[in-house]
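First comes the structure, then the notes that go with it.
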Amino acid sequence: MEQHVSDPASNRSLFGIHGMALELRSQRMGLLSSNIANAATPNYKARDLDFAAALKARMNGTGADQASTAATVYRVPVLPSMDGNTVEMGTEQIAFSQNAVAYSSSLTFLTDKVNSIRRSLKGE
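Under my numbering, think of the first position of the sequence shown as 73, with each following residue one higher.
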């Protein structure tokens, strides 16, 4: 059976878990951005991605959308607001910053890996 570059097994052997991690970190960035954007929306419930659970599901062959949906959790606020909104800006900003650093690290690793493969193909 011929494997294509888009097959998860091929990507995993070529890029390790970094490709999957980058995809999940991007999805988490979307959730955290949505939380920040809805900080003043009454009854908005802050959500986050349980990254470890989502990555484990992806490693076990679950699709990206299914893994992230199953690993999405509602954040429990330390100080609930009167309007039912569970977004706490400090918590969201810290989570966003940490996720951005992890995203950048995965992206750098993948970029270096692709550049290494490119140099190998060129015979450099």
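Cβ coordinates follow ideal geometry from the N, Cα and C atoms, glycine included. This one's a predicted model, so the numbers in the text were calculated from it and none came from an experiment.
Distance between beta carbons of residue j and residue i, contact taken as under 8 Å
i: ALA15; j: ALA143; result: Residue 15 is absent from the model: the chain starts at 73 and stops at 196.
i: PHE168; j: HIS90; result: Actually they are not in contact, since the Cβ atoms of PHE168 and HIS90 sit about 20 Å apart, beyond 8 Å.
i: TYR175; j: LEU94; result: 7 Å
Local Cβ density within 10 Å of residue i, reported as buried at 16 or more and exposed below that
i: ALA118; result: buried
i: ASN132; result: exposed
i: LEU127; result: buried
i: HIS76; result: Here the model assigns HIS76 a pLDDT of 38, short of 50, so the residue's position is not dependable, and the following value carries that caveat. Exposed: under 16 other Cβ atoms inside 10 Å.
i: ARG191; result: exposed
i: LEU193; result: exposed
C-beta contact flag for residue i and residue j at 8 Å
i: VAL159; j: TYR116; result: yes
i: ALA111; j: MET161; result: yes
i: ASP122; j: LEU104; result: no
i: GLY88; j: PRO114; result: no
i: GLU196; j: ILE108; result: no
Cut-off 7 Å between Cβ atoms - residues of its own chain near residue i, not counting five sequence neighbours on either side
i: GLN99; result: LEU121, SER140
i: ARG97; result: ASN171, ALA174, TYR175, SER178
Residues near residue i by beta carbon distance below 6 Å, same chain, minus five either side
i: SER178; result: HIS90, ALA93, LEU94
i: ILE189; result: none
Contacts around residue i, its chain only, beta-carbon distance under 8 Å, and the 5 residues preceding and following it disregarded
i: VAL148; result: THR158
i: ASP79; result: Confidence is the limiting factor: at ASP79 the pLDDT is only 46, short of 50, which leaves the residue's position unreliable, though a coordinate-based value still follows. Hits under 8 Å: none found.
i: VAL201; result: What the structure shows of the chain is the stretch from 73 to 196, and residue 201 is not part of that stretch, so it cannot be assessed.
i: THR134; result: ALA142
i: MET101; result: PHE168, ASN171, ALA172, TYR175
Alpha helix (DSSP H) segments (min. 4 residues) lying fully within the region 119-156: Those alpha helix (DSSP H) runs which fall completely within the region 119-156 and span 4+ residues are 123-131, 136-142.
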